[in-house]
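Each residue of the sequence shown is one higher than the last, beginning at 358 in the working numbering. We put the beta carbon where it would ideally sit given N, CA and C, even for glycine. The next block holds one structure in the form of structure tokens; read it before the comments.
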Amino acid sequence: MVLASGVRIGWADLPDKVRAAVEDLLGGPVVAARSQPGGFSPGTADRVVTAGGRRAFVKAVGTSLNPQSPGLHRTEAAVVAKLPAGLPTPALLGVYDDGDWIALAFEDVEGRHPHTPWRHPEIEAVLAALAALDVQVQGLPRLYDETAEDFSGWRNLAADPPPALDPWVAGHLDLLVELSAHGHAAMAGDALVHGDIRADNLLVRPDGSVLIVDWPFGCAGPAWFDAMSLVLNVRLYGGHVPDSVIHAPDADLTGCVAGLAGMFADRARRPDPPGLPTLRKFQQDQADVMLVWLRERLGL
358 MVLASGVRIG WADLPDKVRA AVEDLLGGPV VAARSQPGGF SPGTADRVVT
408 AGGRRAFVKA VGTSLNPQSP GLHRTEAAVV AKLPAGLPTP ALLGVYDDGD
458 WIALAFEDVE GRHPHTPWRH PEIEAVLAAL AALDVQVQGL PRLYDETAED
508 FSGWRNLAAD PPPALDPWVA GHLDLLVELS AHGHAAMAGD ALVHGDIRAD
558 NLLVRPDGSV LIVDWPFGCA GPAWFDAMSL VLNVRLYGGH VPDSVIHAPD
608 ADLTGCVAGL AGMFADRARR PDPPGLPTLR KFQQDQADVM LVWLRERLGL
């Protein structure tokens with residue numbers, strides 16, 4: 358399986374003006390920077406330390422690396438600014454944005470990504486963290502609106518089927534389109550949703566508790582969506598957790614699995630985005646896992 362990764366630059370590769378602006382924000386020159394693994398951004402993701410001992414996590418990207426990535430950072434900054442205090446997520450310390458390059462500085466957290474393949478104590482810790490997100494936050498995008506095009510993946514594939522389309526998929530496209538439509542309707546909701554729960558967007562602290570990071574897809578939707586994403590990620594690494602941890606009506610969950618399987622399958626056939634050579638393979642891996650999951654749920 359392809360791991361989530363881009364062609365990442367480091368702290369030293371940032372333009373001088375970006376480094377200087379971040380150092381001003383943190384109150385002193387950065388004397389150490391350690392790049393962090395995981396994620397698809399082609400920009401930086403560094404734990405830094407200033408001369409005064411202040412620690413922070415800094416991520417920065419410019420349009421030359423990928424035209425869409427700065428917009429994701431801007432969206433994340435806007436989402437995090439709306440989150441209520443007390444949620445299991447690091448605090449945003451500040452933002453630098455010159456219209457081309459954008460840098461976000463977060464509270465540095467002692468922690469690591471969950472083990473993969475997943476271990477059950479860490480799955481339970483993530484579920485506990487997700488339970489804390491069952492709050493309403495004003496001013497966020499709605500998952501129902503954000504997924505309107507995403508859940509049309511099977512319809513797109515039916516209109517333009519690739520030569521190597523899975524035979525089971527080819528024989529069930531009408532059903533997949535119907536299930537996806539139900540899944541999209543189920544995306545309505547008012548709970549806070551992270552929208553991209555996977556191992557590289559989670560940090561396990563020394564006490565075993567979990568923090569949730571990387572919020573560009575934060576939105577309002579059904580409270581169970583993030584638990585569904587967790588189950589997908591566990592399955593992606595060869596593990597299993599019962600669907601009962603996802604507190605969703607059976608038909609809604611089946612429709613969501615169908616819709617997201619179609620989204621990943623449709624996106625996986627697109628050209629590689631700049632700086633993200635592994636993204637399409639990662640999407641295909643997720644499509645494959647979700648199709649197995651869907652067939653289990655359907656008994657087909």
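Since residue i is in the alpha helix (DSSP H), which residue starts that stretch and which ends it?
{"i": "PHE621", "result": "607-625"}
{"i": "ALA435", "result": "426-439"}
{"i": "ASP547", "result": "Unbroken run through ASP547: none, as it is neither H nor E."}
{"i": "VAL375", "result": "373-383"}
{"i": "ILE480", "result": "477-488"}
{"i": "TRP368", "result": "TRP368 -> no alpha helix (DSSP H), and no H or E assigned at all."}
{"i": "PHE508", "result": "Note, PHE508: premise wrong, no alpha helix (DSSP H); not H, not E."}
{"i": "ARG592", "result": "582-593"}
{"i": "ASP531", "result": "530-542"}
Can you tell me where the beta strand (DSSP E) with residue i in it begins and where it stops?
{"i": "ALA390", "result": "387-392"}
{"i": "VAL649", "result": "Taken as a continuous stretch (DSSP letters only), VAL649 belongs to no beta strand (DSSP E), being part of the alpha helix (DSSP H) at 636-655."}
{"i": "THR401", "result": "401-407"}
{"i": "GLY578", "result": "576-578"}
Less than 7 Å between C-beta atoms, sequence neighbours within five positions excluded: which residues of the same chain meet that for residue i?
{"i": "ARG654", "result": "THR611, VAL614"}
{"i": "ALA434", "result": "LEU449, VAL452, LEU461"}
{"i": "ARG512", "result": "VAL534"}
{"i": "ASP629", "result": "LEU636, ARG637"}
{"i": "ARG626", "result": "PRO519"}
{"i": "VAL388", "result": "VAL406, THR407, ALA408"}
On the DSSP bridge assignment, give the partners of residue i in chain order.
{"i": "ARG469", "result": "VAL561"}
{"i": "LYS416", "result": "ALA402, LEU461"}
{"i": "TYR453", "result": "ALA460"}
{"i": "ARG499", "result": "ALA577"}
{"i": "ILE569", "result": "LEU559"}
Could you tell me which of the options sits nearest to residue i, measuring between CA atoms?
{"i": "GLN425", "options": "LEU651, PRO631, GLN643", "result": "PRO631"}
{"i": "HIS477", "options": "MET647, MET620, GLY596, ASP600", "result": "GLY596"}
{"i": "GLY443", "options": "ASP645, GLY385, VAL492, LYS416", "result": "VAL492"}
{"i": "ALA377", "options": "THR407, ALA402, GLN393", "result": "THR407"}
{"i": "VAL405", "options": "LEU522, GLU464, ILE459", "result": "GLU464"}
{"i": "ASP553", "options": "ASP583, VAL591, LEU497", "result": "ASP583"}
{"i": "VAL441", "options": "VAL494, SER392, ILE459", "result": "A quick correction: the sequence has Pro, not Val, at residue 441. Considering only alpha carbons, the answer is VAL494."}
{"i": "ARG469", "options": "LEU559, GLY496, GLY385, ILE603", "result": "LEU559"}
{"i": "LEU651", "options": "GLY496, HIS604, LEU589", "result": "LEU589"}
{"i": "ASP455", "options": "ALA438, PRO445, ARG431", "result": "ARG431"}
Going along the chain, which residues of its own chain have a beta-carbon closer than 8 Å to the beta-carbon of residue i, five neighbours each way excluded?
{"i": "VAL359", "result": "Because the pLDDT at VAL359 is just 48, under 50, the model does not fix this residue reliably, and the value given afterwards should be weighed accordingly. Same-chain partners within the cutoff: THR635, LYS638, PHE639, ASP642."}
{"i": "TYR594", "result": "MET358, THR473, PRO474, TRP475, ALA556"}
Compute the beta-carbon to beta-carbon distance between residue i and residue j, rounded to the nearest angstrom, for a pair I have assumed lies under 8 Å.
{"i": "MET647", "j": "ALA618", "result": "4 Å"}
Within the same chain, show all residues whose beta-carbon is closer than 6 Å to that of residue i, passing over the 5 residues directly before and after it, in chain order.
{"i": "LEU490", "result": "LEU549"}
{"i": "GLY578", "result": "LEU500, MET544, GLY546, VAL550"}
{"i": "PRO666", "result": "Because the chain in this structure spans residues 358 to 657, residue 666 falls outside the shown range and cannot be described."}
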